[in-house]
Amino acid sequence: MFEIPEGLAPETYPMAWLVGRWRGYGMLGYPGIDDAAIICELEVSNNGGPYLTIQSTWYLANENPDDIDKELPGHIGVAQLTEDRLWQEATGYLRQSPETEGEVEAMIATPDGRVALYVGVVKSPRMSLVSDAMVRSATGAHVNASQLQVGMVESDLLFAYDMAAFGEEMQSYAAGRLSKVAIKR
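For what it's worth, UniProt numbering labels the leading residue of the sequence shown as 1, then goes sequentially.
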């Protein structure tokens, strides 16, 4: 059973199921990018404001993606992997639209010179986001659009991330499964 964390801003209640520290595994691949297994870390928190703070990190794994069992819970699947190197980081904010219940907005920045504004819907325990605006620096990665589907299945967080980038049409880029990690005090 899901419980709303203590001290969470009421405006974030529709997204409260995301709050916590998550760790798991996934797969990525895209034209021009070799298929790879990834280790995924996600922290979603609230400092009392009417939004959630998001920090996401992906590492490439040493293991061949064809050798990975892709049907395991996040905490078991990630245990079969060893970290190779950092692949991607993203930091941002997620908030419920102040105008329409169930609609959400996210602002996500990445160190490869991109900022994305997403709009979407949340209906616990699912969320769907589509890029509304993509901004990049002069040397930033050429990502024209992206979309993210997130849902909770058997207490794990599942995600699918699609993008249109580098002259390619919208297609799958990464998918994964993360388990909630207990925070040690």
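Don't be surprised by glycine CBs; every beta carbon is placed ideally from N, CA and C.
Do you know whose CA, among 136, 135 and 35, lies nearest residue 67's CA? 35
Would you kindly work out how many angstroms separate the C-alpha atoms of residue 195 and residue 13, rounded to a whole number? Residue 195 falls outside the range modelled here, since the chain spans only 1 to 185, and no answer is possible.
With a cut-off of 8 Å on the beta carbons, I'd call residue 176 and residue 24 a contact; round off their distance for me. About 6 Å separates the two Cβ atoms, so the contact holds.
Sort out for me which residues DSSP pairs residue 189 with in a bridge. The chain is shown only over 1 to 185; residue 189 falls outside these bounds and no answer can be derived.
Hey, residue 89 and residue 73: beta-carbon distance below 8 Å or not? no
Taking DSSP as the reference, what is the three-state secondary structure of residue 153? strand
Decide if the segment 99 to 115 is in contact with the segment 134 to 146; the criterion is three or more beta carbon pairs, one per stretch, under 8 Å apart. yes
Hey, out of 19, 167 and 9, whose CA is closest to residue 182's CA? 19
Given residue 83 as reference, the closest of 62, 93, 147 and 172 once Cα atoms are compared: 62
Residues bridged to residue 4 (per DSSP): In DSSP, residue 4 forms no bridge with anything.
Within a Cβ cutoff of 6 Å, which residues of the same chain sit near residue 96, ignoring the five residues on either side of it in sequence? 11, 14 and 104
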